[in-house]
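Student: If you use this note's numbering, the sequence shown corresponds to residues 302 to 712, in order.
The beta carbon of each residue, even a glycine, is placed where N, CA and C say it ideally should be.
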Amino acid sequence: MIQEIDNKLCPQSVCTGCFACKQVCAKGAVHLKEDKGFSYPVIDASLCVDCGLCTKVCPVLNPRVTVDEHKGRTLSYAIWNNNLKERMNSSSGGTFSALADKAIKEGGIVYGAAWNEAMQLRHIGVEDPHSLEALRRSKYVQSNTDGVFKNAKLQLKSGRVVLFCGTPCQIAGLLSFLGNKDNPNLITVGVVCHGVPSQRSFDKYIHEIEEEKSVKIFDCNFRSKKRGWRTGLNLILYTKTADNKVIAIDKLLSDNVYMNAFLKQFFLRESCYNCPFKEENNGYYADIMLSDAWSLWEALPWGQVDFGKGVSSVIANTEKGYKFLKSCFEEITVIERPYAEYASNSGLRKAHKPSNNDTAFEYLKTHSWLETQSKFFPLTLRQKIPLVTRLIIGENYSILFKKIIKQIFRR
Ligand SMILES: Cc1cc2nc3c(=O)[nH]c(=O)nc-3n(C[C@H](O)[C@H](O)[C@H](O)COP(=O)(O)OP(=O)(O)OC[C@H]3O[C@@H](n4cnc5c(N)ncnc54)[C@H](O)[C@@H]3O)c2cc1C
């Protein structure tokens, strides 16, 4: 049992879990404790020498005024990767992959979120293009960045290019850890994020399926494009047979309890409901921001971008970010779009905490995911109808259908 020092680190309700405080402590005095499956730092009184570094490095306690070099911008970019395989294996347009490929070509190292063998999400560094597959795709679990900021600092010191991709709070943590000094070799790429669920709730979900089917899950695609890009409720889990054949376990509609909870903003980290790193707070510190170009379908002629394969909506916050993005233009297709299109993304606003979220969290401890879903967040007909339409008539026809309906009601 460690003796904790109180009231030094930022309060649990706003701690984003970036681990900058843990990584900066040379005495190893910052430990982690768990609550609802999320890790929170605590100071061990027996090791603390009261140097104050842990509080100085906290990006929540020390918010900074961002220098948005593109303030007053009117443009965003709709982007997709020209490499079809990379695009299809990504969550939106595969823009991250094009940026990561470029950083690796420059001799750099790319940090992003990947599963380990136990399906725990960690940030790892990757130095060859083949290993990038592990980083691709949005994983809807909080990724652990412990140790990563320290490594990135050493690599930057040795003059290497470092591309770090993560949530805005992780980027704020990294920049704070690096002293908020501009480093020409560091490219930060943020994903627009409405919130992260806990590793523990995901573990329980995986465990239930493993038990039910007597299998071991080794990978998960939360955003499969198998049935089109906007089938946000299509999650696929992967397992292997004894002779190493990969089997996909398809989770769709009512069966996809985990994504249903995530889309309804259940089980997120407490700080996500009060995120200080939202665009609306001018808190996005990344050089480049990536998001899903959900609203693009309304503006473009039908079929123009093959929407069903995924498109990213991207902005550059800094000149460095813009130059880096531009250096990838041969690998990607870029369409200039109004900034308002990017800004309309609901992920730029704070997550809304369901009033019964805490009760549901408690309930999930002793009940199955399915039982918790039917009691707290049942799948509604309003969710099912558009999804079923897309599944039956296909992504592009469903866009055409939606456009026709919009036209009829406009008259
Ligand atoms: C938790 C989460 C919530 C999101 N919410 C929204 C939203 O509300 N609206 C929206 O438009 N877009 C959201 N996104 C971003 C979107 O899903 C795509 O990731 C983004 O458009 C980039 O897609 P891509 O095809 O370029 O790259 P991809 O290949 O899909 O992946 C991009 C990068 O995301 C990183 N990443 C994946 N999971 C995590 C994680 N858990 N923590 C930190 N980094 C991670 C990977 O390391 C990879 O580097 C969210 C992403 C995450 C991870």
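Alpha carbon to alpha carbon, how far is Lys440 from Ala404?
Tutor: Answer to the nearest angstrom: the Cα atoms are 22 Å apart.
Student: Measuring CB atoms only, is the stretch 335-353 touching the stretch 488-506, in the sense that at least three cross pairs come out at less than 8 Å?
Tutor: Contact holds: three or more Cβ-Cβ distances are below 8 Å.
Student: How many angstroms separate the CA atom of Phe465 from the CA atom of Gly413?
Tutor: Roughly 6 Å between the two C-alpha positions.
Student: Are three or more beta carbon pairs between the stretch 348-358 and the stretch 307-318 nearer than 8 Å?
Tutor: Verdict: yes, contact present.
Student: Would you call the stretch 509-522 and the stretch 594-614 in contact, with 3 or more CB pairs under 8 Å?
Tutor: No, the stretch 509-522 does not touch the stretch 594-614.
Student: Per DSSP, what kind of secondary structure is Tyr441 in: helix, strand or coil?
Tutor: Residue state, collapsed to three classes: coil.
Student: Please work out which residues of its chain come closer than 8 Å, Cβ to Cβ, to Tyr640, disregarding the five sequence neighbours upstream and downstream, and give them in chain order.
Tutor: Cβ neighbours of Tyr640 beyond the five flanking positions: Arg374, Thr375, Leu376, Ser377 and Ile616.
Student: With contact counted as at least three CB pairs below 8 Å, one residue from each stretch, are the stretch 588-602 and the stretch 642-652 in contact?
Tutor: Because the criterion of three Cβ pairs below 8 Å is met, the stretch 588-602 and the stretch 642-652 touch.
Student: Which same chain residues end up closer than 7 Å to Leu362 when comparing Cβ atoms and leaving out the 5 residues on each side of it in sequence?
Tutor: The residues are Cys311 and Thr356.
Student: Buried or exposed for Gln304, going by 16 or more other Cβ atoms inside 10 Å?
Tutor: That one is exposed.
Student: Which of the three DSSP states is assigned to Glu434 in this structure?
Tutor: It is helical.
Student: Suppose only complete runs of 3+ residues qualify. What are the beta strand (DSSP E) ranges in the stretch 475-558, listed by chain order?
Tutor: You should have 487-492, 518-522, 535-541 and 547-553.
Student: Just how far apart, CA to CA, sit Asn561 and His431?
Tutor: Computed Cα separation, rounded: 32 Å.
Student: Could you check the C-alpha separation between Asn486 and Val463 for me, to the nearest Å?
Tutor: Spanning the two alpha carbons is a distance of roughly 6 Å.
Student: Quick one: what does DSSP say Asn561 is sitting in, helix, strand or coil?
Tutor: Helix.
Student: By the three-class DSSP mapping on this structure, what secondary structure does Trp595 have?
Tutor: Here Trp595 sits in coil by DSSP.
Student: Determine, using beta carbons only, whether Asn642 and Ala399 come nearer to each other than 9 Å.
Tutor: It is Glu, not Asn, that sits at residue 642 in the sequence shown. Not a contact, by the Cβ cut-off of 9 Å.
Student: Between the alpha carbons of Asn384 and Glu663, how many angstroms are there, rounded?
Tutor: Spanning the two alpha carbons is a distance of roughly 45 Å.
Student: Quick check: Phe397 and Pro469, are their CB atoms within less than 9 Å of each other?
Tutor: No, Cβ-Cβ distance for Phe397 and Pro469 is not below 9 Å.
Student: Please determine if the stretch 327-337 and the stretch 381-395 are in contact, where contact requires at least 3 C-beta pairs separated by less than 8 Å.
Tutor: No contact exists between the stretch 327-337 and the stretch 381-395.
Student: Taking DSSP as the reference, what is the three-state secondary structure of Glu637?
Tutor: If DSSP states are grouped into helix, strand and coil, Glu637 belongs with the strands.
Student: Please classify Ala543 as buried or exposed, where buried requires at least 16 neighbouring CB atoms within 10 angstroms.
Tutor: That one is exposed.
Student: Bridge partners for Phe723 per DSSP, in chain order?
Tutor: Not covered by the structure: residue 723. The range shown for the chain is 302 to 712.
Student: Determine, using beta carbons only, whether Ile410 and Glu428 come nearer to each other than 9 Å.
Tutor: Contact flag set, yes.
Student: Please report how far the alpha carbon of Cys629 lies from the alpha carbon of Ser525, in whole angstroms.
Tutor: Distance between the alpha carbons of Cys629 and Ser525 is about 25 Å.
Student: Quick check: is any heavy atom of ligand 1 less than 8 Å from the C-beta of Lys440?
Tutor: At least one heavy atom of ligand 1 is nearer than 8 Å to the Cβ of Lys440, so yes.
Student: Please name the residue, chosen from Phe567, Val493 and Thr634, that lies closest to Gly467 on a Cα-to-Cα basis.
Tutor: Per the Cα distances, Val493.
Student: Considering only DSSP beta bridges, list what Ala379 is partnered with.
Tutor: Ala379 is bridged to Ser614 and Ile636.
Student: From this set, Lys565, Trp416 and Thr619, which residue's C-alpha is nearest His653's C-alpha?
Tutor: For the residues Lys565, Trp416 and Thr619, the minimum Cα distance to His653 belongs to Lys565.
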